[in-house]
Amino acid sequence: MKRIITFGTFDVFHIGHLRILQRARDCGDYLIVGVSSDRMNFNKKDRYPVIPQNQRREIVLSLKCVDEVFFEESLDLKGQYILENKADALVMGDDWAGRFDEFKNICDVIYLPRTPSVSTTSLIEIIKEI
Ligand code: C2G
1 MKRIITFGTF
11 DVFHIGHLRI
21 LQRARDCGDY
31 LIVGVSSDRM
41 NFNKKDRYPV
51 IPQNQRREIV
61 LSLKCVDEVF
71 FEESLDLKGQ
81 YILENKADAL
91 VMGDDWAGRF
101 DEFKNICDVI
111 YLPRTPSVST
121 TSLIEIIKEI
C-alpha cells in the first residue's frame, strides 16, 4: 500500500489541478492532499484565494482520485506533514522541480509535468477582461 502526498492551493479549480491529482494517485494506492490554507496563501502571495479554503477542501475531497485532505498551514511544515501522514512519496508539478529535494531522505520525491496553457492566474485574467 503506497501512500502519496501532494500539496496545492487548488484555487479556481481547473483541468491542470484535476490531472495532477489523478496522476499523483496513479503513482500509488492512497492519495493525501494538503490544501493550502487561506492564511498561508495570504502570507505567501499577499492576497486571499478567490475560493475560500473550506470550499477548496470540499471540491478536492469529492474527487474519486483523492482519499484524504488536510489544510497546509505553512510551507515550513512540509517535512512534518510527510512524516505524520506516513507518506511514501511526495508528488508535485514540475513548476516546483528541485524545490523539495531536501525530503528525499524521508520519502520519494516525484515532479510531474504541468498541464500546459492553464493556470488560476490566467483564468482570473480572462474573467477580468470579459
Ligand atoms: N498544476 C499543474 N498544471 C497546471 C497548474 C497547476 O500540474 N497547469 C499543479 C501544480 O504544479 C501543483 C498543483 O497543480 O502541483 C497545485 O497547483 P496550485 O494550486 O497552483 O498550488 P501551488 O500554489 O503550487 O501550491 O506547498 C506547496 C503549495 O501549497 C503549492
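For the sequence shown, my numbering begins at 1 and goes up steadily by one.
Virtual Cβ for every residue (Gly too), placed ideally from N, Cα, C.
Leu-63 and Leu-21 look like a contact to me (Cβ under 8 Å); what is the Cβ gap, rounded to whole Å? Within the sequence shown, numbered from 1, the residue matching residue 63 stands at position 63. Within the sequence shown, numbered from 1, the residue matching residue 21 stands at position 21. Yes, they are in contact, since the Cβ atoms of Leu-63 and Leu-21 sit about 6 Å apart, within 8 Å.
So, with DSSP's three-state summary, where would you put Leu-63? If you number the sequence shown from 1, residue 63 lands on position 63. It is coil, neither helix nor strand.
Would you say the beta carbon of Gly-28 is closer than 7 Å to some non-hydrogen atom of ligand 1? Numbered from 1 along the sequence shown, position 28 holds the residue referred to as residue 28. Checking every heavy atom of ligand 1 against the Cβ of Gly-28, none is found closer than 7 Å.
To the nearest angstrom, how far is the alpha carbon of Ser-119 from that of Tyr-30? Along the sequence shown, one-based indexing puts residue 119 at 119. Along the sequence shown, one-based indexing puts residue 30 at 30. About 26 Å.
Taking 7 Å as the cut-off, does the CB of Asp-38 come closer than this to any heavy atom belonging to ligand 1? As a working note, residue 38 is residue 38 in the sequence shown. No, the beta carbon of Asp-38 sits no closer than 7 Å to any heavy atom of ligand 1.
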